[in-house]
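Everything on this sheet refers to the single structure shown next.
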Amino acid sequence: MPGAPGVMTQVSWPELAEIVGKEHLGAATAADAIDGVEAQMVAEPGTAEDLARALRWAHAAGLKVSPRGGGTKLGWGNPPAACDLVLSTALLNRVLEHAWADMTVIVEAGCRVADLQKTLAEHGQRLALDPLWPERATIGGILSTNDSGTLRVRYGSLRDLIIGITVALPDGTLAKSGGKVVKNVAGYDLAKLFTGALGTLGVIVQAIFRLHPLPRESRSLSFSGAPEALNQLLLAIQSSKLTFTGLQLRAEPGSGRLDVRFDGTAAGIEAQVNQILQIAGSSVPSDAPANAWTAHQAIWEGAAPALVAKFSVLPAQFAAVCALVERAAAAQSLAWKIVVQSVGAGYVRLEGAEPALHTVLVTLHDELARMGGTVVALGCPLAVKRGLDVWGPPSDAQPLMVRVKQRFDPDGNLNPGRFIGGI
Amino acid sequence: MEARILNEFRAIVGAFGLITEPEQLSTYECDGLTMFRVLPLAVVLPTSTEQVQAVVRVCHREKIPFVARGSGTGLSGGALPVANGIVISLARMNRILEVDLPNQRVVVEPGVINLNVTARVAPDGYFYAPDPSSQLVCSIGGNVAENSGGAHCLKYGFTTTHVLGLEVVLPDGALVHLGGRTVDRPGYDLPGVFVGSEGTLGIATKVILRIVKKPEVIQVLLAAFNSTNEAGAAVSGIIAAGMLPAAIEMMDNLAIQAAEAAVQANYPNCGGLLLVELDGPAAEVETLMEEVGEVCTKCGAWEIRVAQSDADRARIWTGRKAAFAAVGRLAPAYIVQDGVIPRTALPHVMSEIERLSSEVGLRVANVFHAGDGNLHPLVLYDSAVPGQDKLAEKLAGDILRLCIKAGGSITGEHGVGEEKKMFMAEMYAEPDLETMQLVRCAFDPENLSNPDKVFPRPRLCGEKPGVYEPHPLEVAGVAQRF
Ligand SMILES: Cc1cc2nc3c(=O)[nH]c(=O)nc-3n(C[C@H](O)[C@H](O)[C@H](O)COP(=O)(O)OP(=O)(O)OC[C@H]3O[C@@H](n4cnc5c(N)ncnc54)[C@H](O)[C@@H]3O)c2cc1C
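Chains as they are written, first to last, in this note's numbering: chain A, 963 to 1385; chain B, 651 to 1132.
This is the structure we're talking about:
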C-alpha cells in the first residue's frame, strides 16, 4: 500500500463516500501523485462542511491528507512522507459576495483566480495580485503557497490583501478569523498564519479580500543594461517620489532589463515618465513589451531538466545575486535566468543536468544565507530535491513553528514532511 | 514577592531598573484606559535583550505572570498589570539601531517612540507610515502589539504591513527571530501572528521596520455637509470613482463644536464634516482633487476648501487631531469606542446610534476614519449623576453590538485588551476562539505573558474546552487622559 506503510490495516472508504457523497470520491490515479507519492483516493467535497467532516474522518482513521486546489503547485515543497487521500477544493468555487461598494469579496477557496477577477471586473475592481497561472490556480492554492507577482510593490502581497479566512482543521473544526472589514484587530490573525503554510495546518475553505479599482491608464517602460547599472537605477527609482505599480529586474547571460510600470491618470503617468527620464540620465528606455509583466510566469517554461527557485534578498543585493548565479551556473555549465521584483522576491531558473542543479542549489542555499537572504527550490525534478530541504536551513524559530504545527495538526496528518524542516 | 526573586531581578537590571515601592508602582497601575487599575508586585526596566531574557526566564521558572509595557497609552487595558505578576517596561530600550536607506529598512528597539522613527528619516525624504494620533508618545513595541493604525493607514496599511521582522523573547525565555529584513522568509508567517497579539505571545525586543518615501505633493480637502449621511455618500462616491485617498476622516456636529471650542480650527458649523487627503504625483493629485470636489458637491457639500500649503494643511488637521481631547469640554467624562463597520452600513449605523443615544438620553459625538469604516463614537456622561456611568457603559456596548451586527468588528485599532474581551464571544463563535487558543498555546503554554487578556475566558492549554457560558455585559472603558 502506498503512503504510510503499516499505519492502516483497513480503511473503510465507503464511510468517506457516505460523508462526501459517492459521486465526490474516486480512486486516485498516477496524475494525482505528489512528487511520486501516490494517493489512494481523491475526494471532492461539495461543501465546506463536508470537507471538514471528511478531514475529521481521515484524522480519526489516521490517514495522511494532502489538500489540493488547482494542482498547479503540487510539486512545491519537499516530497510528502506519505499521502493517502487528496482532498480537493475544486467544488468550492463560488464567489459568495462581492460587496463592490465596500470593495471586499468573500470567495470560496476552490475558485480560480481568473474567474474571481472576471467577476470583480464587472464593477471595475480587482484583487490587486498577479500570481502564477491564474486560469488554473485557485484562491486556496495561491494563499497556501503565498504566491504573488508584479503588483506587490504597490498593493502588498496576500498577507496585506486578505482580511478574513475560514479554515477546516484536522479534527473537523471550522474556524474563522478576521471578517469583512478592512480594519480589524480583534483576536489573532489566522489569515496570515495560514497564508504560506502549504496546507500543513488545516484546509482553507473560504477567504475574504480587500479589493482595488482597476487602473484607469497604464504605461510601462523598459531599460536595458548590465545588472549592476540596472540595480543602481532601480534603487534610484525606488528612492524617488515616483509611484510605480511595477518595478522588476530581469537578467540572463549577457542581457539585463529593468521594467517599470505606472498606473493612474493620463496626466499623472506623463509627468512621471518625464521624471524617470531625468533620473535615468543617459539610459534611454523603450516601451516595455506586453509580456514583460508575465516574465515571472514565463521563467517556468523552457528546456528540462530545470530548477526554478524563489529567492528573497534586499533590493541593493540584486546585482550581487545575478553575479553569484552566473558564477555558480558557469561552474556547472548551466543556463540561467532571473526575474526579481523590487520588493526583494524573485525567481531564478537553472537548466542542465540534475546533479549539477542539485550542486548549485546547495551553493545558493549557503551563499544566500550568508547574504542574509533565502532561497527555496520550487520546481525541479525529484532527484534534485533528494538529500536536502528545499526550504533551506531553518531559523531559530523552527522549534516554535513545530509547536504551532503540533497544536493545529497534532498527529501530523496534513502534508507531512512537505514544509520547512520536515514539518 | 519573595526577596530572593526580587534580588534576582535586581541582579539582572540593577537597582535603578527595579521598582517595588507602592507610590512608584502606582505609575504603572493602568494604561490610557484608567478605569481599570491593578498594582503589580514589581516593575522591571531592562535595557537590553539579554536582560529581558533573564527576567523572563526567572518568571518562567517561578511561574510569575508578566505584562510588557511600552508608553502606556493603550486604550483597551492591554498593559494593565496582573496582581500576582510584574510589569516589564521596555521604555529604556529606546535606541534606533540601524537605518538602511537604500533598502528602506530601520531597525529599532521596542521602546522607540513612533514619531522618532519618522523624525530620524525625514531629512532623507522618508517617513514611517503608521501614524496613530498618539504617535508623539506611543512606542513601536506597543504599536506592534496592538497592530496600531492611523488616519493614513487607509492607503499605506497598518503596522503589520510595515513590520518585516521581530526579535522576540518567548514566554519561556527563548530568543527567536521571526521574519527578517527580507520578505517571504520560509516558514509560517509568525510576524503576521505576533503583530496584533497584544503582548500575549512574548516580548518584542527588536523590530525591523519598512519606511516609505514621502509623496511629491499632499493636498487636503475639507467639505461641509448637512448630515453624516450625505458625507458618507461622498465617501462611497470617492471610493467608487476608483480613488484611494491617503486619508478620509469624518466628524459630526458635536465633535465639530468640541474641536472649535478647543482649537478654533475654523471649521464650518455643519452636520457632517469630511477631510480628504490625497497624495502622490502633482499632476495626478491635481486632477483627482477636482473629482473629489465634484463628488462632494453632488452629495450636497455646501462649502469646500482645499489646503495647498503645509501650514493650511496642518490647520485643517488640528481640529481632527484634537477632537478626542476636545470632547472633554462637552462633558465631565466620556467613553471612546473603536468599532468597525463596512462603509456602506454607515447611514444605518449612524441613525441607530442616534436612536440609542436619544433613548438613554446621553450624547454621542462621532469622529471616525470614514475611509475604512472605523468609528470612534464618544459617549458623553457625568459620573456625578448616579447611574449615568452604567448607562454610558451599556450604550457603548450596544454600539459595539451594532457594529458586529453590521458585519464589522469590535475593534479597528485599539485592541481587545481587558476592556472588550467579553465581546469577543459575541463577535466570534466558540470554535473560532478555540482555534486562536492553539496559537497562544504554541507560544505560551503556561499562560504567563499578559494572561487573561483578549479572550473571554482563561483556558489551560490542553484542557478540553466545555460549553461556553455567556458572561454578563462587560464593562466598557473610560479614557479620559488624551
Ligand atoms: C490620545 C490617544 C490617541 C490614540 N490614537 C490612536 C490611533 O490613532 N490609532 C491607534 O491605533 N491607537 C491609538 N491610541 C492607542 C495607543 O496609543 C496605541 O495602542 C499604541 O500602540 C500603544 O503604544 P504604547 O507604547 O503606549 O503601548 P502600551 O499601552 O504600553 O501597551 C499596549 C500593549 O502592548 C503590549 N506591549 C508593549 N510593548 C510590548 C513589547 N515590546 N512586546 C510585546 N508587547 C508589548 C502591552 O503588553 C499592551 O498589551 C491612542 C491613544 C491615545 C492615548
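Note that beta-carbon positions come from the ideal geometry of N, C-alpha and C, so glycine has one too. All values derive from a computational prediction rather than experimental measurement.
Residue i: CB within 7 angstroms of a non-hydrogen atom of ligand 1
| i | result |
| --- | --- |
| Ala909 of chain B | no |
| Glu974 of chain B | The sequence given here has Phe at residue 974 of chain B, not Glu. The answer is yes for Phe974 of chain B. |
| Asp960 of chain B | no |
| Cys680 of chain B | no |
| His1064 of chain B | yes |
| Met690 of chain B | Note that residue 690 of chain B is Pro in the sequence shown here, rather than Met. Not under cutoff, so the answer is no. |
| Cys1053 of chain B | no |
| Ser783 of chain B | yes |
| Gly722 of chain B | yes |
| Gly791 of chain B | yes |
| Ile669 of chain B | no |
| Arg831 of chain B | no |
| Leu828 of chain B | no |
| Ser798 of chain B | yes |
| Val771 of chain B | no |
Between the CA atoms of residue j and residue i - distance to the nearest angstrom
| i | j | result |
| --- | --- | --- |
| Ala1001 of chain A | Val999 of chain B | 52 angstroms |
| Leu1204 of chain A | Val1165 of chain A | 40 angstroms |
| Arg1090 of chain A | Asp1225 of chain A | Reading off the sequence, residue 1090 of chain A comes out as Ala, not Arg. For Ala1090 of chain A and Asp1225 of chain A, the distance between alpha carbons rounds to 12 angstroms. |
| Gly988 of chain A | Val973 of chain A | 14 angstroms |
| Leu740 of chain B | Arg719 of chain B | 6 angstroms |
| Thr850 of chain B | Ala1079 of chain B | 20 angstroms |
| Ala1015 of chain B | Ala957 of chain B | 25 angstroms |
| Ser1202 of chain A | Met1333 of chain A | 26 angstroms |
| Ile613 of chain B | Arg745 of chain B | Chain B is shown only over 651 to 1132; residue 613 of chain B falls outside these bounds and no answer can be derived. |
| Tyr776 of chain B | Arg831 of chain B | 18 angstroms |
| Phe1132 of chain B | Ile790 of chain B | For Phe1132 of chain B, the predicted structure reports a pLDDT of 22, less than 50, and the residue's modelled location is therefore unreliable. The matter cannot be settled from this model. |
| Gln1237 of chain A | Ala1228 of chain A | 14 angstroms |
| Val688 of chain B | Gly735 of chain B | 10 angstroms |
| Gly881 of chain B | Ala890 of chain B | The sequence as given places Ala at residue 881 of chain B; Gly does not occur at that position. Spanning the two alpha carbons is a distance of roughly 14 angstroms. |
| Gln869 of chain B | Ala795 of chain B | 32 angstroms |
Spatially closest choice to residue i from the options, by CA coordinates
| i | options | result |
| --- | --- | --- |
| Ala1191 of chain A | A:Ala1250, A:Ser1245, A:Ser1182 | A:Ser1245 |
| Leu1041 of chain B | B:Gly1011, B:Ala769, B:Gly1057, B:Cys803 | B:Gly1011 |
| Gln1194 of chain A | A:Arg1380, A:Asp1092, A:Leu1211, A:Leu1049 | A:Leu1211 |
| Gly1208 of chain A | A:Trp1255, A:Gly1149, A:Asp1373, A:Leu1326 | A:Trp1255 |
| Lys1138 of chain A | B:Glu1096, B:Glu1084, B:Ala1092 | B:Glu1084 |
| Ser1304 of chain A | A:Val999, A:Ala1285, A:Arg1015, A:Leu1113 | A:Leu1113 |
| Gly1032 of chain A | A:Ser1119, A:Pro1042, A:Thr1100 | A:Thr1100 |
| Ala1083 of chain A | A:Gly1134, A:Pro1175, A:Lys1035 | A:Pro1175 |
Neighbour flag for residue i against chain B, beta carbons, 8 angstroms
| i | result |
| --- | --- |
| Lys1347 of chain A | no |
| Ile1382 of chain A | yes |
| Gly1081 of chain A | It is worth fixing the name first, because residue 1081 of chain A is Thr in this sequence and not Gly. Judged by the 8 angstroms Cβ criterion, Thr1081 of chain A is not in contact with chain B. |
| Ala1090 of chain A | no |
| Gly1102 of chain A | no |
| Ser1357 of chain A | yes |
| Val1324 of chain A | no |
| Val1366 of chain A | yes |
| Thr1034 of chain A | no |
| Pro1175 of chain A | yes |
| Gln1234 of chain A | yes |
Chain A within 8 angstroms of residue i, Cβ atoms only
| i | result |
| --- | --- |
| Met1086 of chain B | yes |
| Gly969 of chain B | no |
| Thr670 of chain B | no |
| Asn1100 of chain B | no |
| Pro821 of chain B | no |
| Thr768 of chain B | no |
| His802 of chain B | no |
| Pro1036 of chain B | no |
| Ile991 of chain B | yes |
Per-residue contacts from residue i into chain C (C-beta, under 7 angstroms)
| i | result |
| --- | --- |
| Asp839 of chain B | Among the protein chains in the structure shown, which are A and B, there is no chain C. |
Given 8 angstroms as the limit, is there contact between the region 820 to 836 of chain B and the region 728 to 738 of chain B, that is, 3 or more CB pairs closer than that?
no
Quick test of the definition: if touching needs 3 or more C-beta pairs under 8 angstroms, does the region 856 to 863 of chain B touch the region 883 to 898 of chain B? no
Practice item. Examine the Cβ distances between the region 694 to 701 of chain B and the region 1029 to 1041 of chain B and report whether three or more of them are shorter than 8 angstroms. Key: no
Indicate whether the contact test is met: 3 or more Cβ pairs, each with one atom in the region 1014 to 1022 of chain A and one in the region 1312 to 1329 of chain A, closer than 8 angstroms. no
Original post:
Between the region 972 to 991 of chain B and the region 1046 to 1063 of chain B, do at least 3 Cβ pairs fall closer than 8 angstroms?
Top reply: yes
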